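This report refers to the structure that appears directly beneath it.
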Amino acid sequence: MLRVLGRTTSGNVQKVLFALEEIGAEYVREDYGRQFENTATPEYLAMNPTSKVPTLVDGDTVIWESNTILRYLADTRAVALTGATPAERTEVERWMDFLLAAINSGYLTAFKGAKLEPADRPAGFETQIADLHAQMQIVSAHLEEKEFVALGKLTIADCALAPILGRCLNFPYDRPEMPGLEAWFKGISSRPAFKTATG
1 MLRVLGRTTS
11 GNVQKVLFAL
21 EEIGAEYVRE
31 DYGRQFENTA
41 TPEYLAMNPT
51 SKVPTLVDGD
61 TVIWESNTIL
71 RYLADTRAVA
81 LTGATPAERT
91 EVERWMDFLL
101 AAINSGYLTA
111 FKGAKLEPAD
121 RPAGFETQIA
131 DLHAQMQIVS
141 AHLEEKEFVA
151 LGKLTIADCA
161 LAPILGRCLN
171 FPYDRPEMPG
181 LEAWFKGISS
191 RPAFKTATG
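Per the working numbering, residue 1 is the first one in the sequence shown, and the count goes up by one each step.
And the structure:
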C-alpha cells in the first residue's frame, strides 16, 4: 500500500492527497512535518534529504517533491490525469512548473504575512503581494470559460494548483477580481476528492 508521509495541513501534501482520492488508490497517510518534529531524523532524511513533506513510499520506491509525486502517480496509476502525448504533457506540466517558478515565492510571502500585523511585515511585502496577484491574473485569464487547467479534463495540473491557489484567493489582502480563477476553484473545490484531501 502507498504511504504518504506528511501533515494534512500542508498544501503540498494536499496536492498528493487530492490526486490519490481522485484515482481511488489505497493509501495510508502518516503524520510527518512541522508540529510532529520528525522530519529531521536519520530515518526520514535517508528517504528525503530536504526534511520536508510530502514523501511518498511505494514499496521500494521513495519519491519526494509534490509535483514529482503527482507525475509518478499519473504514470503508474492514472494515465488519464496527464497528457497522452509529449505535446499534451507540456500543456499539463507547464502550469505545474509555473506554480513553482512564478506563484510559490509570493504564496509563501503571503502565507507568512497573513500571520503578522501589517507593521511587522518585511520591507517589500506589498510589492511581492502585487506580483503574486499579477501571476494569479495570468492563470485566471487562461482559465476564462475553462473547467480545468489543461486538456479539457481533470489532470495533475489541477491537483497541483488547487490547494495553493485556493489559499491565495482567500488571503486577507485586497486583490483584483479574478473571474476565471475564482470560477475554476469553485468547481474544483466542490469535488469530493478535494474536500477529503483538504479537510
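Glycine included, C-beta positions come from ideal geometry on N, C-alpha and C.
Keep in mind it's a predicted model, so treat the numbers as computed, not measured.
If I follow the unbroken beta strand (DSSP E) through residue i, where does it start and stop?
{"i": "residue 30", "result": "27 to 30"}
{"i": "residue 63", "result": "61 to 64"}
{"i": "residue 3", "result": "2 to 5"}
By DSSP, does residue i sit in helix, in strand, or in coil?
{"i": "residue 46", "result": "helix"}
{"i": "residue 131", "result": "helix"}
{"i": "residue 56", "result": "strand"}
{"i": "residue 150", "result": "strand"}
{"i": "residue 112", "result": "helix"}
{"i": "residue 51", "result": "coil"}
{"i": "residue 102", "result": "helix"}
{"i": "residue 8", "result": "coil"}
Is residue i buried or exposed, if buried means 16 or more other CB atoms sit within 10 Å of its CB?
{"i": "residue 33", "result": "buried"}
{"i": "residue 179", "result": "exposed"}
{"i": "residue 1", "result": "exposed"}
{"i": "residue 35", "result": "exposed"}
{"i": "residue 31", "result": "exposed"}
{"i": "residue 156", "result": "buried"}
{"i": "residue 92", "result": "buried"}
{"i": "residue 243", "result": "No statement about residue 243 is possible, as the shown extent of the chain runs from 1 to 199 and does not include it."}
{"i": "residue 198", "result": "buried"}
{"i": "residue 39", "result": "buried"}
{"i": "residue 108", "result": "exposed"}
Assuming residue i and residue j are in contact, meaning their beta carbons sit under 8 Å apart, how far apart are those beta carbons, in whole angstroms?
{"i": "residue 193", "j": "residue 22", "result": "4 Å"}
{"i": "residue 6", "j": "residue 163", "result": "Residue 6 to residue 163, Cβ: 12 Å. No contact."}
{"i": "residue 70", "j": "residue 160", "result": "6 Å"}
{"i": "residue 125", "j": "residue 113", "result": "6 Å"}
{"i": "residue 171", "j": "residue 110", "result": "5 Å"}
Between the options, which has its C-alpha nearest residue i's C-alpha?
{"i": "residue 59", "options": "3, 129, 10", "result": "3"}
{"i": "residue 29", "options": "119, 182, 54", "result": "54"}
{"i": "residue 73", "options": "46, 27, 51, 91", "result": "27"}
{"i": "residue 134", "options": "8, 169, 14", "result": "169"}
{"i": "residue 182", "options": "172, 195, 145", "result": "145"}
{"i": "residue 68", "options": "46, 97, 49, 88", "result": "97"}
Could you give the first and the last residue of the continuous alpha helix (DSSP H) run that contains residue i?
{"i": "residue 224", "result": "Nothing about residue 224 can be read from this structure; the chain reaches only from 1 to 199."}
{"i": "residue 121", "result": "Where residue 121 is concerned, there is no enclosing alpha helix (DSSP H), given that its DSSP letter is neither H nor E."}
{"i": "residue 23", "result": "11 to 23"}
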